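88 is the number of the first residue of the sequence shown in the working numbering; add one for each residue after it.
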Amino acid sequence: MMETIHEKLSANTVGFCLLPSEIIQNILLHLALPEIICLKSVSRFVAGVISDQNFESAYNSQSRSSAWLFLYKKRWNRDAILHGFNDRSSRWFNFRVDGLLKPVICPGDHIYFLTASSNVFLFVSNTRRELLALDLGTKAVKTIPPSPLGPRGTSSWRRSGMKLVATGSGHFQFLFVDLVHDSPVLFVYSSKTDTWQSVEAREGLAEMPRVCQKEGGHVLLDAINGPYESTVTAVGLECGAYNNHAPIVLRPKFNPGPTDGLDRLQVYGDGNMLVVKSHGVDDAGVRMLSDIELWGGLRLNGSWQNWELVSKVPRRIKEQIRKPYRAMRGCLERREGIIRAVLVSNYDGLWDIIWLSYDTGRSLWTWLPLPDCEMKGLNMAGIAFSSGLTLP
Numbered sequence: 088m089m090e091t092i093h094e095k096l097s098a099n100t101v102g103f104c105l106l107p108s109e110i111i112q113n114i115l116l117h118l119a120l121p122e123i124i125c126l127k128s129v130s131r132f133v134a135g136v137i138s139d140q141n142f143e144s145a146y147n148s149q150s151r152s153s154a155w156l157f158l159y160k161k162r163w164n165r166d167a168i169l170h171g172f173n174d175r176s177s178r179w180f181n182f183r184v185d186g187l188l189k190p191v192i193c194p195g196d197h198i199y200f201l202t203a204s205s206n207v208f209l210f211v212s213n214t215r216r217e218l219l220a221l222d223l224g225t226k227a228v229k230t231i232p233p234s235p236l237g238p239r240g241t242s243s244w245r246r247s248g249m250k251l252v253a254t255g256s257g258h259f260q261f262l263f264v265d266l267v268h269d270s271p272v273l274f275v276y277s278s279k280t281d282t283w284q285s286v287e288a289r290e291g292l293a294e295m296p297r298v299c300q301k302e303g304g305h306v307l308l309d310a311i312n313g314p315y316e317s318t319v320t321a322v323g324l325e326c327g328a329y330n331n332h333a334p335i336v337l338r339p340k341f342n343p344g345p346t347d348g349l350d351r352l353q354v355y356g357d358g359n360m361l362v363v364k365s366h367g368v369d370d371a372g373v374r375m376l377s378d379i380e381l382w383g384g385l386r387l388n389g390s391w392q393n394w395e396l397v398s399k400v401p402r403r404i405k406e407q408i409r410k411p412y413r414a415m416r417g418c419l420e421r422r423e424g425i426i427r428a429v430l431v432s433n434y435d436g437l438w439d440i441i442w443l444s445y446d447t448g449r450s451l452w453t454w455l456p457l458p459d460c461e462m463k464g465l466n467m468a469g470i471a472f473s474s475g476l477t478l479p
């Protein structure tokens, strides 16, 4: 899409510029950020439209409600590319990050992708056990000082136990929870002060302030997930929970019922759980998807609770996405009433990616077909959802 639009505008710049400004802005508002950046080179007029403060504000506001899926390749010395897919586009975008990360890495570093929020991307050097923050908008990169727990390698980080929050003006907060002496402790890094804070979560039937209970006013981070019980930490954002109100601990139990001989993969994120059930098709470890369930129902009112079955993926979607696989992993996010899940499976070196969404307001499942991103081989080193990229 980007090449087609760019070629047409390059050949017909005069005609395009004669269109009413409202139509031009509407066309540009429907493009992904990489396409916007590409089009800035077409003409001074187009660059002026994109640089207009009103357009920037409208584009960034619309972009924040969109979703990106990012995959990262592991072969650092040969290929350091983030593959990004936007739910409003129909193609993958490649982001070269090797040159941008070069000032903070050493030869031979093994870099893994952890998480992202807006234009900020968080990586970890497994060689030196350091966190690296990259802003794709400003191209700024920095090394984050070690947390109070000390340097940590890739295996120490759990996707459902951390959250990156863009706070504006190029700043961000990175939150993660971990067990310290068997008690959940929240750790918060602020890029504005370049410092860490930590606070122990409250046990028992504690209740979160009402202002933090609404969606967007808190995050749910998993301290530990077992097959039948989880330890989830609720962290208030809008009430400054890690400063004034300690995060609270939720311990939902899970009653999956009879297994019926099926394998079960549980994917966690933002207080929800996706249960993927599969059956074996041969003795060589090949499996076939049988069912997908969404569980949630966690409440912040201090009551005892269990995981509750919310919905199952309809049969018509399961028939479209069912393929054999040997290994599978996934990630899950909830934002603005939409729960998004991606399942990445590998079968004899070939990757398959499934993007599912569940609208909690309409109780509606959707499947977003993805084109092949040409990630061949066992080389994926990170996967995460993120809110939309914005104009710097």
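For each residue, glycine too, the CB sits at the ideal point set by N, CA and C.
No experiment lies behind these values; they were computed from the predicted model shown.
Could you give the DSSP three-state label for ALA220: helix, strand or coil?
Walking along the sequence shown from the start, residue 220 turns up at place 133. Reduced to three states, the DSSP call for ALA220 is strand.
Can you give me the start and stop residues for the alpha helix (DSSP H) that PHE142 sits inside?
Counted from its first residue, the sequence shown places residue 142 at position 55. From DSSP, the alpha helix (DSSP H) with PHE142 extends over 140 to 150.
For SER285, which option in TYR355, LYS279 and PHE274 has the closest C-alpha, if you only look at C-alpha atoms?
If you number the sequence shown from 1, residue 285 lands on position 198. Residue PHE274 is the option with its Cα nearest to SER285.
Residue range of the alpha helix (DSSP H) that PRO121 falls in?
As a first step, residue 121 is located in the sequence shown; it is residue number 34 there, counting from the start. For PRO121, the uninterrupted alpha helix (DSSP H) run begins and ends at 120 to 126, by DSSP.
Three-pair Cβ contact test at 8 Å for the region 125 to 135 versus the region 146 to 158
In short, these stretches do not touch, since the Cβ pair count stays below three.
Backbone secondary structure at PHE274 - three-state DSSP
As a working mapping, residue 274 is identified with position 187 in the sequence shown. DSSP places PHE274 in strand when its eight states are reduced to three.
With a floor of 3 residues, list each beta strand (DSSP E) that falls wholly inside the region 194 to 270, ordered by position along the chain.
Within the region 194 to 270, the complete beta strand (DSSP E) runs of at least 3 residues are 198 to 204, 207 to 212, 217 to 222, 227 to 231, 249 to 255 and 258 to 267.
Can you grab the Cα-Cα spacing for the pair MET467 / MET360, in whole Å?
For the purposes of this step, residue 467 is taken as the residue at position 380 of the sequence shown. For the purposes of this step, residue 360 is taken as the residue at position 273 of the sequence shown. For the pair MET467 and MET360, the Cα-to-Cα distance works out to about 23 Å.
Whole angstroms is fine: what's the gap from GLN353's alpha carbon to LYS340's?
Position 266 of the sequence shown holds residue 353. Position 253 of the sequence shown holds residue 340. Straight-line Cα distance between these residues: approximately 13 Å.
Contact between the region 452 to 460 and the region 182 to 202: three or more CB pairs below 8 Å?
Judged by Cβ distances under 8 Å, the region 452 to 460 makes no contact with the region 182 to 202, as fewer than three pairs qualify.
CB of SER365 within 8 Å of CB of LEU349, strictly
Working through the sequence shown from its first residue, we reach residue 365 at position 278. Working through the sequence shown from its first residue, we reach residue 349 at position 262. Result yes, Cβ atoms of SER365 and LEU349 sit closer than 8 Å.
Can you round the beta-carbon distance between LEU337 and VAL322 to whole angstroms, since I take them to be within the 8 Å contact cut?
Counted from its first residue, the sequence shown places residue 337 at position 250. Counted from its first residue, the sequence shown places residue 322 at position 235. With a Cβ gap of about 11 Å, LEU337 and VAL322 do not count as contacting.
For HIS117 and PHE208, I'd like the C-alpha separation in whole angstroms.
Taking the first residue of the sequence shown as position 1, residue 117 is located at position 30. Taking the first residue of the sequence shown as position 1, residue 208 is located at position 121. Distance between the alpha carbons of HIS117 and PHE208: 23 Å.
I'd like the list of long-range same chain contacts for ASN433, defined as Cβ closer than 8 Å, with 5 residues on each side in sequence excluded.
For this step, residue 433 is matched to residue 346 along the sequence shown. Cβ within range, chain order: TYR412, ARG413, ALA414, MET415, ASP439 and LEU465.
Tell me the residue span of the alpha helix (DSSP H) that contains TRP187.
Residue numbering aside, residue 187 sits at position 100 when the sequence shown is read from its first letter. Rather than Trp, the amino acid found at residue 187 in this sequence is Leu. Where LEU187 is concerned, the enclosing alpha helix (DSSP H) stretches over 185 to 188.
DSSP beta-bridge partners of GLU423:
In the sequence shown, the residue the question calls residue 423 occupies position 336. DSSP output for GLU423 lists no bridge partner at all.
Relative to the alpha-carbon of GLN140, which residue among LYS160, ARG175, GLN112 and GLU122 has its alpha-carbon at the smallest distance?
Here the question's residue 140 lines up with position 53 in the sequence shown. When C-alpha distances from GLN140 are compared across LYS160, ARG175, GLN112 and GLU122, the shortest belongs to GLN112.
N- and C-terminal bounds of the beta strand (DSSP E) containing LEU115:
Reading the sequence shown from its first residue, position 28 is the one you call residue 115. Counting along the chain, LEU115 falls outside any beta strand (DSSP E), though it belongs to the alpha helix (DSSP H) covering 108 to 116.
Do you know whose CA, among ILE198, GLY358 and TRP283, lies nearest GLY384's CA?
Here residue 384 refers to the residue found at position 297 when the sequence shown is read from its first residue. Nearest of ILE198, GLY358 and TRP283 to GLY384, Cα basis: GLY358.
Hey, which unbroken runs of the alpha helix (DSSP H) at 4 residues or more fall wholly within the region 357 to 442?
Within the region 357 to 442, the complete alpha helix (DSSP H) segments at least 4 residues long are 402 to 408, listed from N- to C-terminus.
Taking 8 Å as the threshold (C-beta atoms), are VAL252 and LEU219 in contact?
Here residue 219 refers to the residue found at position 132 when the sequence shown is read from its first residue. Here residue 252 refers to the residue found at position 165 when the sequence shown is read from its first residue. No, the pair does not count as a contact, with Cβ atoms beyond the cut-off.
Is the CB-CB distance between GLY475 and ARG151 below 8 Å?
Counting from one through the sequence shown, the residue named residue 475 turns up at place 388. Counting from one through the sequence shown, the residue named residue 151 turns up at place 64. Contact annotation: GLY475 and ARG151 have beta-carbon atoms nearer than 8 Å.
Measuring CB to CB, does GLY240 end up less than 8 Å from ASP309?
On the sequence shown, position 153 is the one that residue 240 refers to. On the sequence shown, position 222 is the one that residue 309 refers to. No, Cβ-Cβ distance for GLY240 and ASP309 is not below 8 Å.
Please identify the residue among PRO194, LEU478 and LEU223 whose C-alpha is closest to the C-alpha of ASN486.
In the structure displayed, the chain extends from 88 to 479; residue 486 sits before or after that span and is not available.
According to DSSP, is ILE137 part of a helix, a strand, or is it coil?
As a working note, residue 137 is residue 50 in the sequence shown. Under the three-state reduction of DSSP, ILE137 is assigned to helix.
Taking the beta carbon of CYS460 as the centre, do at least 16 other beta carbons fall within 10 Å, making it buried, or is it exposed?
Along the sequence shown, read from residue 1 onward, the residue named residue 460 stands at position 373. Around the beta carbon of CYS460, a 10 Å sphere encloses 16 or more other beta carbons of the protein chains shown; the residue is thus reported as buried.
PHE341, enclosing beta strand (DSSP E) - first and last residue
Translated into the one-based positions of the sequence shown, residue 341 becomes position 254. Run containing PHE341: none; DSSP gives neither H nor E here.
In its own chain, which residues sit with a C-beta less than 7 Å from the C-beta of GLN407, not counting the 5 before and 5 after it?
By 1-based counting over the sequence shown, the position of residue 407 is 320. Contacts found: TRP454.
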